[in-house]
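>
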Amino acid sequence: MIKKVDHIGIAVKSLTDVLPFYTDVLGLPLLKIEEVESQKVKVAFLQAGETKLELLEPVSSESTIAKFIDKRGEGIHHVALGVESIEARIREMKEKGIRMIDEEPRPGAGGAQIAFMHPKAASGVLVELCEKKG
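Right under this line is the structure:
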């Protein structure tokens with residue numbers, strides 16, 4: 167079911183301010199930066215071994231990331247688990263009584279299809295299912 171930890175999403179106020187820590191201090195390669203208009207975020211992808219870090223900067227006060235930062239401050243936002251057949255995984259979670267935020271997959275950063283579980287399902291951790299093609 168779960169292939170790997172695909173990435174860890176980290177909410178930040180400013181990519182410009184935090185990227186030097188990850189690239190210069192930690193030495194992580196910056197893979198790319200992209201804007202996901204549907205989620206109102208700018209995402210910086212960094213390689214950390216076999217896992218990626220996604221730094222998530224809100225580009226609108228209406229972004230869920232902006233609301234997260236306002237409520238909890240900067241920090242870990244979610245853990246994404248790489249899966250195959252995301253539609254089947256969503257059905258499986260629902261059959262097991264897991265409350266899903268996303269009942270259907272939606273487009274995410276990096277061309278992925280994603281779906282979030284409600285944090286109450288995982289003791290307060292926001293878990294993302296993530297399917298990447300190719």
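Take the sequence shown: its letter number 14 is residue 180 in the working numbering, and every next letter is one higher. Backbone N, C-alpha and C fix where the C-beta goes; we use that ideal spot for every residue, glycine too.
(1) Which residues does DSSP list as the beta-bridge partners of ALA214?
(2) Quickly, what does DSSP pair MET259 with across the bridge? List them, please.
(3) What's the gap between the Cα of ARG272 and the Cα of GLU203?
(4) Count the other CB atoms, across all protein chains shown, that sit within 10 Å of the CB of ILE255; report buried if there are 16 or more and exposed otherwise.
(5) When you compare only the Cα positions, how much space is there between HIS244 and PRO285?
(6) Quick one: Cα of GLY274 to Cα of ILE280, how far?
(7) Going by the beta-carbon positions, is the gap between LEU196 and LEU185 smaller than 9 Å?
(8) Which one or two residues does DSSP pair with PRO186 in a beta bridge?
With the given structure in hand:
(1) THR217
(2) Paired residues: none, contrary to the question.
(3) 13 Å
(4) The displayed chain sequence assigns Arg, not Ile, to residue 255. Per the 10 Å Cβ criterion, buried.
(5) 9 Å
(6) 6 Å
(7) yes
(8) BP columns for PRO186 are empty, so no partner.
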